[in-house]
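Going by the working numbering, the letters in the sequence shown line up with residues 136 to 318, in that order.
Even glycine gets a Cβ: it sits at the ideal position worked out from N, Cα and C.
Heads up, the thing below is written out as structure tokens.
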Amino acid sequence: MRVISGTLKGRRLVCPPGLATRPTADRIKESIFNILSGRFQESRVLDLFAGTGALGIEALSRGAAFAVFIDQAKAAMDAIQRNIRAFGIEGRSRTIRWNIRKNLNCLRSTPSFDLVFMDPPYSTNAVNPVLTSLAACGALCPGARIVIEHSDQERIVLPTDTLVLADQRGFGKTLVSFVDAMI
Numbered sequence: 136m137r138v139i140s141g142t143l144k145g146r147r148l149v150c151p152p153g154l155a156t157r158p159t160a161d162r163i164k165e166s167i168f169n170i171l172s173g174r175f176q177e178s179r180v181l182d183l184f185a186g187t188g189a190l191g192i193e194a195l196s197r198g199a200a201f202a203v204f205i206d207q208a209k210a211a212m213d214a215i216q217r218n219i220r221a222f223g224i225e226g227r228s229r230t231i232r233w234n235i236r237k238n239l240n241c242l243r244s245t246p247s248f249d250l251v252f253m254d255p256p257y258s259t260n261a262v263n264p265v266l267t268s269l270a271a272c273g274a275l276c277p278g279a280r281i282v283i284e285h286s287d288q289e290r291i292v293l294p295t296d297t298l299v300l301a302d303q304r305g306f307g308k309t310l311v312s313f314v315d316a317m318i
């Protein structure tokens with residue numbers, strides 16, 4: 136796994152050991168950033184279920200101003216922190232170890248985000264509860280975009296009328312849904 140474009144292009148990411156983390160395939164990551172088409176420039180990024188930090192780091196490499204990485208697994212947090220140090224982006228990032236499925240209260244004192252990546256483990260039905268928490272915690276800027284990588288078996292039910300499904304793309308058994316905050 137590597138950074139595809141930007142100032143960190145070609146750099147290899149450290150992955151947590153074992154099978155607990157399912158990294159986003161480079162083909163899907165490249166498609167996501169092509170669809171976003173520069174939307175991440177100078178943005179504040181939130182990477183939920185961050186795993187290796189690949190999506191948030193890719194956004195930083197392509198011009199995002201700041202990224203917050205959240206994951207519950209210690210091995211994932213260790214890998215993200217190693218990647219951040221190796222790439223010299225400590226001043227533009229923050230890590231939080233947190234049970235995302237429980238709530239997102241850890242974000243109540245952070246500035247809001249323009250772009251959110253969410254890549255929960257498949258078959259956990261985490262997408263809808265996390266979207267509800269995200270909408271409730273006040274962490275989204277007006278017009279924020281949420282990019283969700285999920286199983287094609289998991290149906291997204293938007294929790295409020297402030298979130299709108301803008302686009303959805305299929306990659307085999309993976310769907311990538313683009314949700315806009317209409318705040």
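Rounded Cβ spacing between residue i and residue j (contact assumed at less than 8 Å)
| i | j | result |
| --- | --- | --- |
| G191 | A185 | 6 Å |
| L319 | L269 | In this structure the chain extends from 136 to 318, so residue 319 is not present and cannot be described. |
| A211 | G153 | So it is not a contact: roughly 10 Å between Cβ atoms. |
Among the options, nearest to residue i - alpha-carbon criterion
| i | options | result |
| --- | --- | --- |
| T142 | Q176, R162, N263 | Q176 |
| F248 | R179, G305, A271, R232 | R179 |
| V292 | A160, P264, G198 | P264 |
| M317 | L148, R290, K308, G273 | G273 |
| P246 | A279, R304, A160 | A279 |
| I231 | R147, L183, K144 | L183 |
| D161 | E193, L171, R220, S172 | E193 |
| L242 | A271, E225, S172, T259 | A271 |
| K144 | G198, S172, E289 | G198 |
Range of the contiguous alpha helix (DSSP H) that encloses residue i
| i | result |
| --- | --- |
| D161 | 161-171 |
| A194 | 189-196 |
Strand pairing of residue i, partner residues [DSSP]
| i | result |
| --- | --- |
| T230 | F204 |
| G213 | Checking the sequence, you will find Asp at residue 213 rather than Gly. DSSP, once it has assigned bridges, lists no residue as partnering D213. |
| D302 | F313 |
| R147 | R137 |
Extent of the continuous beta strand (DSSP E) run through residue i
| i | result |
| --- | --- |
| P277 | 275-286 |
| F248 | 248-253 |
| L266 | That residue, L266, is in no beta strand (DSSP E); its alpha helix (DSSP H) goes 262-271. |
| D182 | 179-183 |
Proximity of residue i and residue j at Cβ, strictly below 8 Å
| i | j | result |
| --- | --- | --- |
| S196 | S140 | yes |
| E284 | I205 | no |
| L298 | V314 | yes |
| R236 | A261 | yes |
| T187 | N218 | yes |
| P158 | A208 | no |
| V311 | I215 | no |
| F222 | R146 | yes |
| R174 | L250 | yes |
| T259 | D287 | no |
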